[in-house]
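**Student:** So that you can map any letter, position 56 of the sequence shown is 56 in UniProt numbering, and since no number is skipped, the others follow by simple counting.
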Amino acid sequence: MAQAVPAPPPDPSKKRVKVYELRNNDWVDRGTGFCTATYVFNDSLRKDEARVVVQSEEEPERNLLETKICKDDGFQKQQDTLIVWTEMSTNIDMALSFQEADGCAMIWKFVNSVQQQLSEINGPEDAFSDEINAADTYSVTLPPPALGNLPDINAQMQHCNLSPQGRDALGRYIINEDYIRKLIPLVELAEDLEDLPSLHRLCNIMKTMILLNDTTIIEHAVTDDVVLGVVGALEYDPDFPSHKANHRHWLGREGRYKEVVRIEDEQIRKKIHHTYRLQYLKDVVLARILDDPTFSVLNSLIFYYQVEIVQHLQTNAVFLKELFGIFGPQETDQERKKEAVLFIQQCCAVSKQLQQPARQQLYNNFLGHGLLSVINFALHHSDVGVRVGATDVLVSMIDHDPQMIRQTIFRQINEKQTPLTDSLIDLLLVEADLGVKAQIADAIKVLLDPGSQNGPLDSLAKAGGDFSRLRPQADPQQELFLSNFYEASAKKLFQPLVDLKDRETMDFSVHQVSLFIYLIEILCFFIRQHQHRSKYFVLAESLGQRIAQLLSSREKYLKLTAMKFFRNLVGLQDEFYNSQLMQDHLFKPILDIVIETMPRDNLLNSACLELFEYIKKEGNRVIISHLVENYRDILKDITYVETFKTFLDRYDQTQGFTTLSEAVHFMDDDDETPKRSDAGRGTRWESGIKDLDAAEEQYFNTSDDDEDEEPIKSSTSINGASPISKPLVDYGSDEENENNDAGIVRSDSKTPESSDTKDTDEDLVLTPTSSAPTPPERLSEKRRREEDEEDELGKLSANKRRSSTSSNSSVGSITNNFLKRKKSLNGRDGTGPAKTNKIAISLSPAIKTGGEGNANGENDN
Numbered sequence: 001m002a003q004a005v006p007a008p009p010p011d012p013s014k015k016r017v018k019v020y021e022l023r024n025n026d027w028v029d030r031g032t033g034f035c036t037a038t039y040v041f042n043d044s045l046r047k048d049e050a051r052v053v054v055q056s057e058e059e060p061e062r063n064l065l066e067t068k069i070c071k072d073d074g075f076q077k078q079q080d081t082l083i084v085w086t087e088m089s090t091n092i093d094m095a096l097s098f099q100e101a102d103g104c105a106m107i108w109k110f111v112n113s114v115q116q117q118l119s120e121i122n123g124p125e126d127a128f129s130d131e132i133n134a135a136d137t138y139s140v141t142l143p144p145p146a147l148g149n150l151p152d153i154n155a156q157m158q159h160c161n162l163s164p165q166g167r168d169a170l171g172r173y174i175i176n177e178d179y180i181r182k183l184i185p186l187v188e189l190a191e192d193l194e195d196l197p198s199l200h201r202l203c204n205i206m207k208t209m210i211l212l213n214d215t216t217i218i219e220h221a222v223t224d225d226v227v228l229g230v231v232g233a234l235e236y237d238p239d240f241p242s243h244k245a246n247h248r249h250w251l252g253r254e255g256r257y258k259e260v261v262r263i264e265d266e267q268i269r270k271k272i273h274h275t276y277r278l279q280y281l282k283d284v285v286l287a288r289i290l291d292d293p294t295f296s297v298l299n300s301l302i303f304y305y306q307v308e309i310v311q312h313l314q315t316n317a318v319f320l321k322e323l324f325g326i327f328g329p330q331e332t333d334q335e336r337k338k339e340a341v342l343f344i345q346q347c348c349a350v351s352k353q354l355q356q357p358a359r360q361q362l363y364n365n366f367l368g369h370g371l372l373s374v375i376n377f378a379l380h381h382s383d384v385g386v387r388v389g390a391t392d393v394l395v396s397m398i399d400h401d402p403q404m405i406r407q408t409i410f411r412q413i414n415e416k417q418t419p420l421t422d423s424l425i426d427l428l429l430v431e432a433d434l435g436v437k438a439q440i441a442d443a444i445k446v447l448l449d450p451g452s453q454n455g456p457l458d459s460l461a462k463a464g465g466d467f468s469r470l471r472p473q474a475d476p477q478q479e480l481f482l483s484n485f486y487e488a489s490a491k492k493l494f495q496p497l498v499d500l501k502d503r504e505t506m507d508f509s510v511h512q513v514s515l516f517i518y519l520i521e522i523l524c525f526f527i528r529q530h531q532h533r534s535k536y537f538v539l540a541e542s543l544g545q546r547i548a549q550l551l552s553s554r555e556k557y558l559k560l561t562a563m564k565f566f567r568n569l570v571g572l573q574d575e576f577y578n579s580q581l582m583q584d585h586l587f588k589p590i591l592d593i594v595i596e597t598m599p600r601d602n603l604l605n606s607a608c609l610e611l612f613e614y615i616k617k618e619g620n621r622v623i624i625s626h627l628v629e630n631y632r633d634i635l636k637d638i639t640y641v642e643t644f645k646t647f648l649d650r651y652d653q654t655q656g657f658t659t660l661s662e663a664v665h666f667m668d669d670d671d672e673t674p675k676r677s678d679a680g681r682g683t684r685w686e687s688g689i690k691d692l693d694a695a696e697e698q699y700f701n702t703s704d705d706d707e708d709e710e711p712i713k714s715s716t717s718i719n720g721a722s723p724i725s726k727p728l729v730d731y732g733s734d735e736e737n738e739n740n741d742a743g744i745v746r747s748d749s750k751t752p753e754s755s756d757t758k759d760t761d762e763d764l765v766l767t768p769t770s771s772a773p774t775p776p777e778r779l780s781e782k783r784r785r786e787e788d789e790e791d792e793l794g795k796l797s798a799n800k801r802r803s804s805t806s807s808n809s810s811v812g813s814i815t816n817n818f819l820k821r822k823k824s825l826n827g828r829d830g831t832g833p834a835k836t837n838k839i840a841i842s843l844s845p846a847i848k849t850g851g852e853g854n855a856n857g858e859n860d861n
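Structure below.
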């Protein structure tokens, strides 16, 4: 195993450093550690090798980096705290960003000395190698900078640019001879002489030097003493001979740099200027001609500069205190407050490119110094630019971690302060800028989204079993937050909709239309996410009726948004909302739109038709009955689609759904509508969980004891009346079971066939039996079966009772009709003797013994 031998550098202490690698033109942070330069003994080569090792700060036993220093690695020191190179084994660009310049200088000194030693040792050995010959071939010597030599300079640069060796040699010559600085005076000289060809050649020469993709050249080009000369030459692009740019005027204005709070570190100030110039080069000057390598180099330099700037600012407590102190009561300069908001906006924009831990630290520091109070101030500022800056900061933080903002709002509520959501609502109601309004609406929805606390219902549907046990508990903080919101803030938010009550005309300004659109979209979101709170809020404020008024406005996109609201209500399959739609007659304005747009096949007409098509597809017979009973004449007039004719046909064929049981259960054989139970029964459909299929329903409705019997065995009577069983039909109890507690047992000498007793009622349990005799059961086994089946009938009876209590006032007559239908099926219509079936219904333990005595078919009244 290789043994590390400490190198003898001047300072042997470890230096804190960040390790980066280039992936897909993006620098990825591999971690933070401590860097050392050491010699490691190689057992295979039997000699020491110089290595740069970075030990992880979090896991000291793990190395983030261990790279061998070679002669041709291309180690470069680009800044005071940055070293970059290319790994020869993987051909991946790597970088070390040191916390302190002294540490970078120490490691660089070691690397540089090792490479010089390797060059001296391998010099004679490689004297005749191909690489040395290639380097000698491309040794460059350019003519002295002068206007007369510009054609030769340009030609030689173009020749060197044809090969990698020539590019490297040209880059070294430009750096060593400080060639850029020598070319700068020629720009002013050519301008004075109005020598346009020379200016075009100078532009091409500057482009060639920058596109060499050498970081040292690019960094030198944006320094204070040469940057204006470089961009001055680039103003005269030969591709646009009649056009001159004004880059010098843009970069030379010192007034563009506004220092809200004095930055004492001179190096950080220089990096801020250099970053701005690099961005200008990338986005403006070289945007048309940039190749991928140069674009990557510029992005890398900008990234490193921004990381250093932000890390310096967020760790400077004095700077942050002074920055956020600008918004205190002692500061009276409103212009300075405006500039401070824009400065914070720029910091948050830069943080989007940082790694997650650094971005989190920046936001935490800002929040700790009072960022939300700054946002509140900016949201109420008269300047739209300041309001845009505040919303940008807020959206950036919400995108990063919405829970962090929620926690801060919870603290505001506990401290009896005005929560941030109220400030957002105030701005949404008065903001004229549509971009700001859209951002605020999105921010409100994200902050009031309890989705992460509630969890999806789909997972519960798949889990099965005890849903109440699996459902996650609500977050108390979130519940308190929503309670406070609906008590006051929600009323303020939707007040413009409530105010429509007394409005006679529906003519609105552009600002009002956009406000109504965002309010309706927010309300749709609340209805889906806030469940019972939103239900009673919509009912109390009559928001359904108010939104229905918007259907008579002239703006079609406002009508479409209102239709979106009603489509959301119907799509929820919630009895509460369905009742509100019917009681308030909210389908009438939608039908009016269908009539109005009937000759035209436009988007508004299609949206209305899709709503009714959905009602037909889902088979919501309560709504269909409401539509036919109240708007039959209107439905008859709409004949260009089959949807409304289907409503009328189904209603008429079933005689208006005269009984509740028929409306729910007795479906036509050719009806393709899915069979849904009424909402409000606590069904799986109401809770948003899909219904069981037929096989699953059969499984849950079948007694457990039936699964244990062999198929060849016949079923016994429910009350065990006879040892020789005959075919039975076991009907679930209905409304008559509420007042009757007796067993009804009838028998027939003939065995009815199963096809004669089959019914379409899916709630009735059909029990096919065989006429084959079975041996008598023991008393204990029989009683156990009776108790199990009694429980099943009890559940069916409870379901019927719940259905009865949730129905309308006509349930009495509906029940009587349903009982008459059952009596006719059982041959008990009272018109004369009829064939009787043996029916056994066990309702209480008191009649079990009597059932055995009535096995001969006596009817116990």
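Virtual Cβ for every residue (Gly too), placed ideally from N, Cα, C.
Please name the residue in E57, N246, N568 and P496 whose C-alpha comes closest to that of Q529.
**Tutor:** As a working note, residue 529 is residue 529 in the sequence shown. Of E57, N246, N568 and P496, the residue nearest in Cα terms is N568.
**Student:** Alpha carbon to alpha carbon, how far is D507 from V222? Give it in angstroms, no decimals.
**Tutor:** Within the sequence shown, the letter at position 222 stands for residue 222. Within the sequence shown, the letter at position 507 stands for residue 507. Distance between the alpha carbons of V222 and D507: 57 angstroms.
**Student:** By Cβ distance, which residues of its chain are closer than 8 angstroms to V310, with the 5 residues on each side in sequence left out?
**Tutor:** Within the sequence shown, the letter at position 310 stands for residue 310. The answer, listed in chain order, is C347, V350, S351, L354, A358 and L362.
**Student:** Would you kindly work out how many angstroms separate the C-alpha atoms of I184 and G229, rounded to a whole number?
**Tutor:** What you label residue 184 is simply residue 184 of the sequence shown in a count that begins at 1. What you label residue 229 is simply residue 229 of the sequence shown in a count that begins at 1. For I184 and G229, the distance between alpha carbons rounds to 5 angstroms.
**Student:** By DSSP, does S56 sit in helix, in strand, or in coil?
**Tutor:** Taking the sequence shown and counting its residues from 1, the one referred to as residue 56 is at position 56. In the structure shown, S56 sits in a strand (DSSP, three-state: E or B).
**Student:** Could you check the C-alpha separation between L379 and K77 for me, to the nearest Å?
**Tutor:** Translated into the one-based positions of the sequence shown, residue 379 becomes position 379. Translated into the one-based positions of the sequence shown, residue 77 becomes position 77. So the two alpha carbons sit approximately 45 angstroms from each other.
**Student:** G389: buried (16+ other C-beta within 10 angstroms of its C-beta) or exposed?
**Tutor:** Walking along the sequence shown from the start, residue 389 turns up at place 389. Result: buried.
**Student:** With a threshold of 8 angstroms, establish whether the CB of V388 neighbours any heavy atom of the ligand COA.
**Tutor:** This structure does not include the ligand COA; it has no bound ligands of any sort.
**Student:** Alpha carbons only, please: which of E61, P144 and R336 is nearest the one belonging to residue 877?
**Tutor:** Because the chain is modelled from 1 through 861, residue 877 falls outside the range shown and cannot be assessed.
**Student:** In angstroms, rounded to a whole number, what distance separates the CA positions of P329 and E322?
**Tutor:** Position 329 of the sequence shown, counting from 1, holds the residue named residue 329. Position 322 of the sequence shown, counting from 1, holds the residue named residue 322. Going from the Cα of P329 to the Cα of E322 covers about 13 angstroms.
**Student:** Give the straight-line distance between the Cα atoms of D401 and E21, rounded to the nearest whole angstrom.
**Tutor:** Counting from 1 along the sequence shown, the entry for residue 401 is found at position 401. Counting from 1 along the sequence shown, the entry for residue 21 is found at position 21. Looking at the two C-alpha atoms, the distance is approximately 26 angstroms.
**Student:** Which same chain residues, not among the five before or five after Q99, have their C-beta less than 6 angstroms away from its C-beta?
**Tutor:** One-based indexing of the sequence shown puts residue 99 at position 99. These residues qualify, in order along the chain: R16.
**Student:** Hey, how far is the Cα of V19 from the Cα of Q360?
**Tutor:** Residue mapping note: residue 19 aligns to position 19 of the sequence shown, counting from 1. Residue mapping note: residue 360 aligns to position 360 of the sequence shown, counting from 1. Distance between the alpha carbons of V19 and Q360: 19 angstroms.
**Student:** Go ahead and pull the three-state DSSP assignment for E697.
**Tutor:** Residue 697 sits at position 697 when you count from the first residue of the sequence shown. Low per-residue confidence applies at E697: pLDDT is 47, beneath 50, and the placement is therefore not dependable enough to give any value.
**Student:** On the three-state DSSP scale, how would you describe F41?
**Tutor:** As a working mapping, residue 41 is identified with position 41 in the sequence shown. DSSP places F41 in strand when its eight states are reduced to three.
**Student:** Evaluate V664 with the Cβ neighbour count: other Cβ atoms within 10 Å of its Cβ, from every protein chain shown; 16 or more gives buried, anything less gives exposed.
**Tutor:** On the sequence shown, residue 664 is found 664 positions in, with the first residue counted as 1. Here the model assigns V664 a pLDDT of 44, short of 50, so the residue's position is not dependable, and the following value carries that caveat. Flag for V664 reads buried.
**Student:** Is DSSP giving G619 helix, strand or coil here?
**Tutor:** Indexing the sequence shown from 1 puts residue 619 at position 619. DSSP places G619 in coil when its eight states are reduced to three.
**Student:** DSSP on C70, reduced to helix/strand/coil?
**Tutor:** The sequence position of residue 70 within the sequence shown is 70, counting from 1. Looking at C70 - three-state DSSP - the assignment turns out to be coil, as it is neither helix nor strand.
**Student:** Does the distance from the C-beta atom of E57 to that of T32 stay below 9 angstroms?
**Tutor:** As a working note, residue 57 is residue 57 in the sequence shown. As a working note, residue 32 is residue 32 in the sequence shown. Contact: yes.
**Student:** Within its chain, find whatever has a CB closer than 7 angstroms to the CB of P293; leave out the 5 residues flanking it on each side and keep chain order.
**Tutor:** Translated into the one-based positions of the sequence shown, residue 293 becomes position 293. For P293, where only same-chain residues beyond five positions count, the Cβ hits under 7 angstroms are N213.
**Student:** How far does the beta strand (DSSP E) with Q531 in it extend, from its first residue to its last?
**Tutor:** One-based indexing of the sequence shown puts residue 531 at position 531. Note, Q531: premise wrong, no beta strand (DSSP E); not H, not E.
**Student:** Apart from the five residues on each side of it in sequence, which residues of its chain come closer than 7 angstroms, Cβ to Cβ, to A607?
**Tutor:** Start at 1 with the first residue of the sequence shown, and residue 607 comes out as number 607. Excluding residues within five positions, the ones whose Cβ falls inside 7 angstroms are L560 and M563.
**Student:** For a test of the three-state rule: what should DSSP assign to E686, helix, strand or coil?
**Tutor:** Stepping through the sequence shown from its first residue, residue 686 is reached at position 686. Because E686 carries a pLDDT of 37, less than 50, the predicted location of this residue cannot be relied on, and no value is offered for it.
**Student:** If you follow the alpha helix (DSSP H) that I344 is part of, which residue opens it and which one closes it?
**Tutor:** Here the question's residue 344 lines up with position 344 in the sequence shown. Run containing I344: Q334 to S351, per the alpha helix (DSSP H) assignment.
**Student:** Is the beta carbon of L371 less than 9 angstroms from the beta carbon of V393?
**Tutor:** If you number the sequence shown from 1, residue 371 lands on position 371. If you number the sequence shown from 1, residue 393 lands on position 393. Contact flag set, yes.
**Student:** Could you give the first and the last residue of the continuous alpha helix (DSSP H) run that contains E173?
**Tutor:** To locate residue 173, count along the sequence shown from 1; it is residue 173. Reading the sequence as shown, one finds Tyr at residue 173 and not Glu. Counting along the chain, the alpha helix (DSSP H) containing Y173 begins and ends at P164 to N176.
**Student:** For D497 versus I527, is the C-beta spacing smaller than 9 angstroms?
**Tutor:** Indexing the sequence shown from 1 puts residue 497 at position 497. Indexing the sequence shown from 1 puts residue 527 at position 527. The sequence given here has Leu at residue 497, not Asp. Their beta carbons are not under 9 angstroms apart, which means L497 does not touch I527 by this criterion.
**Student:** Under the DSSP definition of a beta bridge, which residues are partnered with N63?
**Tutor:** On the sequence shown, position 63 is the one that residue 63 refers to. The partner list for N63 (beta bridge, DSSP) reads Q55.
**Student:** Give me whichever residues DSSP pairs with R23 in a beta bridge.
**Tutor:** As a working note, residue 23 is residue 23 in the sequence shown. DSSP, once it has assigned bridges, lists D26 as partnering R23.
**Student:** Starting from the C-beta of E431, find all residues in its chain whose C-beta is less than 8 angstroms away, skip the five residues before and the five after it, and write them out in chain order.
**Tutor:** Position 431 of the sequence shown, counted from the start, is the residue given in the question as residue 431. R387, K437 and I440, listed in sequence order.
**Student:** Give the secondary structure of T275 by DSSP, where H, G and I count as helix, E and B as strand, and everything else as coil.
**Tutor:** Reading the sequence shown from its first residue, position 275 is the one you call residue 275. T275: helix per DSSP, three-state reduction.
**Student:** According to the neighbour-count rule (16 or more other Cβ atoms, all chains shown, within 10 Å of its Cβ), is F240 buried or exposed?
**Tutor:** As a position in the sequence shown, residue 240 is number 240, starting the count at 1. Under this definition F240 is an exposed residue.
**Student:** Please classify M94: does DSSP put it in a helix, a strand, or coil?
**Tutor:** Position 94 of the sequence shown, counted from the start, is the residue given in the question as residue 94. Reduced to three states, the DSSP call for M94 is strand.
**Student:** Quick check on the burial criterion: 16 or more other C-beta atoms within 10 angstroms. Buried or exposed for H220?
**Tutor:** Your numbering for residue 220 matches position 220 in the sequence shown. Buried is the call here.
**Student:** Count the other C-beta atoms from every protein chain shown that fall within 10 angstroms of the C-beta of E66, then say buried if there are 16 or more, exposed otherwise.
**Tutor:** Walking along the sequence shown from the start, residue 66 turns up at place 66. Under this definition E66 is an exposed residue.
**Student:** Please identify the residue among E194, V231 and D224 whose C-alpha is closest to the C-alpha of I205.
**Tutor:** Position 205 of the sequence shown, counted from the first residue, corresponds to residue 205. Measuring from the Cα of I205, the nearest candidate turns out to be V231.
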